[in-house]
Amino acid sequence: MALLTETTHFGRDILGRYICNTWDEAMASINTGARPDARPFDVIIVGGGSFGSVLAQSLFYRDSNKRILVLEAGLLAVPEHVQNLPVLGLDPPGATRIADLRAIGQDGKPRAELWGLAWHSPTPFPGLAYCVGGRSVFFGGWSPQLLDAETTAWPAEVMADLNGRYFAEAAEQIGTDTTNDFIHGELHTALRKQIFDGITAGKVPAAIPLPELPLHLAGIPPAKQNLMKLEAPLAVQSQTRPGCFPFNKFSALPLLMKAARLSYSRSGGDDVKKQLMVVADTHVTRLVTEGGRVTRVETQHGSVPVPPGGVVVLAAATIESARLAFLSFGGIPNEGLIGKGLMAHLRSNLTIRIPRSSIAGLSATVKELAASALFVKGRHTYSQDGKVGHFHLQITAAGLDNLDTKDSEAELFKKIPDVDTFERFRAATDTEVVITIRGIGEMEPQNPGSFVRLDPEADEYGVQRAFVSITPSAKDLELWEAMDKASDDVALLFAGGQAYEVIDPPGPLQKVHPVAAGVRAQTVLPFTSPRRDGLGTTHHEAGPLWMGEDPTRSVTGPDCRFHHVANAYALGPSLFPSIGSPNPMLTGVALARRMADRFVAAPAPDVAEAGFTALFDGVSAGNWKMAGRGTFFAAGGILEMVPGDGLGLLWCTTPTPADFTLRLEWMSTRDDDNSGVFVRFPHPDSKGYENTAWVGVDFGFEVQIDEHGDVPIHRTGAIYDQAGQTLTQIPALPPGQWNQYEIRVTGQTYTVLLNGTQVTVFTFTPGSDATHPDRGLPGTAAVPRYVGVQAHTGRVLFRKIRIR
0 MALLTETTHF GRDILGRYIC NTWDEAMASI NTGARPDARP FDVIIVGGGS
50 FGSVLAQSLF YRDSNKRILV LEAGLLAVPE HVQNLPVLGL DPPGATRIAD
100 LRAIGQDGKP RAELWGLAWH SPTPFPGLAY CVGGRSVFFG GWSPQLLDAE
150 TTAWPAEVMA DLNGRYFAEA AEQIGTDTTN DFIHGELHTA LRKQIFDGIT
200 AGKVPAAIPL PELPLHLAGI PPAKQNLMKL EAPLAVQSQT RPGCFPFNKF
250 SALPLLMKAA RLSYSRSGGD DVKKQLMVVA DTHVTRLVTE GGRVTRVETQ
300 HGSVPVPPGG VVVLAAATIE SARLAFLSFG GIPNEGLIGK GLMAHLRSNL
350 TIRIPRSSIA GLSATVKELA ASALFVKGRH TYSQDGKVGH FHLQITAAGL
400 DNLDTKDSEA ELFKKIPDVD TFERFRAATD TEVVITIRGI GEMEPQNPGS
450 FVRLDPEADE YGVQRAFVSI TPSAKDLELW EAMDKASDDV ALLFAGGQAY
500 EVIDPPGPLQ KVHPVAAGVR AQTVLPFTSP RRDGLGTTHH EAGPLWMGED
550 PTRSVTGPDC RFHHVANAYA LGPSLFPSIG SPNPMLTGVA LARRMADRFV
600 AAPAPDVAEA GFTALFDGVS AGNWKMAGRG TFFAAGGILE MVPGDGLGLL
650 WCTTPTPADF TLRLEWMSTR DDDNSGVFVR FPHPDSKGYE NTAWVGVDFG
700 FEVQIDEHGD VPIHRTGAIY DQAGQTLTQI PALPPGQWNQ YEIRVTGQTY
750 TVLLNGTQVT VFTFTPGSDA THPDRGLPGT AAVPRYVGVQ AHTGRVLFRK
800 IRIR
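Numbering (numbering that gives the first Met the number 0), first residue to last: 0 to 803.
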């Protein structure tokens, strides 16, 4: 019996029950012993977070033939991004270590409701969001696109695909392809103009000249294109197609929720027929391989078989995906590369308060300054080798009337721009403006000091934890210095030659430091902690399963598949050969959409034998329509009838010849299934019936499918309910086996063969049915006739339908 929606002291778990399935439900849905029509899962996705959710949704819409299973370690906690929910206060916890949690008796207990730390490291980390949607329901929203200069280590074919199509598709999906119409006003316009003029004049030497940068926004007139390159690339959809509401701040969760509910709707609630199932609270512990391919996915509940042709995708968080690769693929030729190449982001924060008079062009008549969000891309040439590293500055600003406020985002909608700085500042008035300059810089790839390996300690499921080392290289420290200097340059640019204040990051000893005109912020807030964040705090771990063409120098290939495992793939930032400065969201979504397209191989249509034409070739059901009640599925080369609350008829819109031979295969799923094949009926809409399926009954003939008919003319092979037949009936094959029908219609004689044996011959006298005088007439150009299959009781499957 299906698990019903559960109730707690505080609410009813409607969303959890409506979106997710239990482990037992998923396993029952592939049990052919209980249901002959059950099918295995073709794609098993480990991780229902940021990118596993996008992959599942993309596959669901692209290929109705594949069954998809998403295995998520967490539970469904929230329905969308937390910043789209009113003042929820569900912020990520601070960074910590397992050793620190054990010291206070908190190891193994959720932090901030749903966060957990799964690996050992001397570097503190916040850990992972154990929930459906993962960290996408918390992410900051800044989603710029990688520059070509940041991807020189990436496989050429991957970048050709991303630049040619998938970056644009991902930007449209998450909402960064259009301007931020919700951020406007005099403050925003004036700050953007001030920084534009400063960069153009060379006052921020590390900023990339704007003419050298690509513009990723649509519909910008040429005269404004360089100016608009300073717009913040926020994943907040503010407009969409007519009649639809925008996403607001993006997370992957609503995409997965919609796909899961559509899967339920299309299946009629039958788990066996669900194309997509999401199973929460399921920790994958190992992938079992045989002969170079994954054959089984092991979890704490049991194992999922991987069928021939099936694939498994590691779409968990970066470090957990690397751990699972270690645990699963020991002994492959490039095992020694797994876990190397770990990267994250360098991050610094500078908050200043300036008088409004520092902002040129800001009218004194403007009382409410509101908010602004801007973006500056920078680069640095390393002294060691002359190569170039990249960073960017995320700038937020607010003018307020509360002297106790130091929050540059206080008047931005709380869906933007960054959860991490939600409580960072609390002081600005309309005579002053608070500005935050957050620097994000890339770390050097293939740093020997940064890696993931297995730790000797086992976790609560009996498998080894990961150990993480992340250490800045000399080049990383050099880039960090350049980025912080650029932040100071921007601060001076905004100060406009006047004195300003530097506000400490939040903490028990937070102070406000006055700074004289022209003096750099570094003098009161050095380029160390607390200005610089810890390397484990960014949530942007990347690289330990990096892509490359050469199996001896990379873990995965350009197709994201592990080089030496035929059906195992990785997805997300774990694949990145280099990280660049952008948040991984846009690139990860683009890779997920690309992977979905690559998984959807165009199915080969069934080829009809000589002289026959396919009416259903196993690929397209575009020439089939539903009349009456019920519905149907076209998947896996099969048409499946799903009964409704009355008779249904799936009919082929291709008219039949006057005389013809119809061949098809059918399979029952239960011994008491009841269906049939209709021939020689007119257009279902031509008779004015309320239930148009009855046109097939009254004006055509049905070749019956029913092993339990009460009389012979109601049983399999008979022309239903017609007297005067010559019947030599035989039993059909049992449920789960395919039967063959050949139906010959010549003049008014109907001959039926079941599995090669003639079972019926019937000759009809035209006009003998006084109530329906045109029953069974041959089709003509003026009055065409059709064939169809019935939705009555039970689920009957049809395939290889062809006519001569």
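By construction, the Cβ of each residue, glycine as well, lies at the ideal position given by its N, Cα and C atoms.
- Going by DSSP, residue 388 is part of the beta strand (DSSP E) stretching over 387 to 398.
- In the three-state DSSP reduction, residue 739 falls in the strand class (E or B).
- Taken through DSSP and simplified to helix, strand or coil, residue 522 comes out as helix.
- Restricting attention to 646, 318 and 395, the CA atom closest to the CA of residue 120 is found in 318.
- In the DSSP assignment, residue 187 falls within the unbroken alpha helix (DSSP H) covering 185 to 199.
- Residue 715 sits away from residue 794, with the two beta carbons spaced by 7 Å or more.
- When beta bridges are read from the DSSP output, residue 613 appears opposite 801.
- Annotation: residue 253 is outside any beta strand (DSSP E); the continuous alpha helix (DSSP H) that includes it extends over 252 to 266.
- Counting the other Cβ atoms within 10 Å of the Cβ of residue 724 gives 16 or more, which makes it buried.
- Judged by DSSP secondary structure, residue 303 falls within the beta strand (DSSP E) whose first and last residues are 302 to 304.
- Residue 708 and residue 160 have their alpha carbons spaced roughly 57 Å apart.
- For residue 588, the enclosing alpha helix (DSSP H) has its first and last residue at 584 to 598.
- Residue 93 has its alpha-carbon roughly 32 Å from the corresponding atom of residue 22.
- Annotation for residue 67: the continuous beta strand (DSSP E) segment containing it runs 67 to 70.
- When the five nearest sequence neighbours on each side are left out, the beta carbons in the same chain lying within less than 6 Å of the beta carbon of residue 633 are those of 620, in order along the chain.
- The beta-carbon distance between residue 60 and residue 310, rounded to whole angstroms, is 18 Å. This is too long to meet the 8 Å contact definition.
- Between residue 111 and residue 91 a beta carbon distance of about 6 Å is seen, short of the 8 Å cut, so the two are scored as contacting.
- Contact between residue 70 and residue 45 holds, since their C-beta atoms are separated by about 6 Å, short of 8 Å.
- When 140, 38 and 47 are compared, the shortest CA-CA separation from residue 537 is found for 140.
- Bounds of the alpha helix (DSSP H) holding residue 694 are 693 to 698.
- Contact annotation, residue 298 with residue 281: C-beta distance approximately 5 Å; criterion of less than 8 Å satisfied.
- Listed in chain order, the beta strand (DSSP E) elements of length 3 or more contained wholly in the stretch 264 to 351 are 275 to 278, 283 to 289, 292 to 298, 302 to 304 and 310 to 313.
- DSSP places residue 61 in the uninterrupted alpha helix (DSSP H) bounded by 49 to 61.
- The stretch 499 to 508 makes contact with the stretch 333 to 352: 3 or more CB pairs, one atom from each, lie closer than 8 Å.
- For the stretch 681 to 734, the full-length alpha helix (DSSP H) segments reaching 4 residues or more read 693 to 698 along the chain.
- For residue 531, same chain residues with a beta-carbon under 6 Å away, outside a window of 5 residues either side, are 347 in chain order.
- Considering only 741, 137 and 539, the residue with the shortest C-alpha distance to residue 343 is 539.
- Assignment of residue 545 by DSSP, reduced to helix, strand and coil, places it in the coil class.
- Here the alpha carbon of residue 371 sits roughly 53 Å from the alpha carbon of residue 306.
- In the DSSP annotation of this structure, the continuous segment of the alpha helix (DSSP H) that includes residue 101 starts and ends at 97 to 102.
- Beta-bridge partners of residue 354 (DSSP): 431.
- It is roughly 26 Å from the alpha-carbon of residue 703 to the alpha-carbon of residue 32.
- Pairing residue 542 with residue 493 gives a Cβ-Cβ distance that is not under 7 Å.
- Looking at the DSSP output, residue 20 sits in a beta bridge with 278.
- In the displayed model, residue 749 falls within a strand according to three-state DSSP.
- For secondary structure counted as the alpha helix (DSSP H) over 4 or more consecutive residues, the stretch 440 to 523 holds these complete runs in sequence order: 473 to 494.
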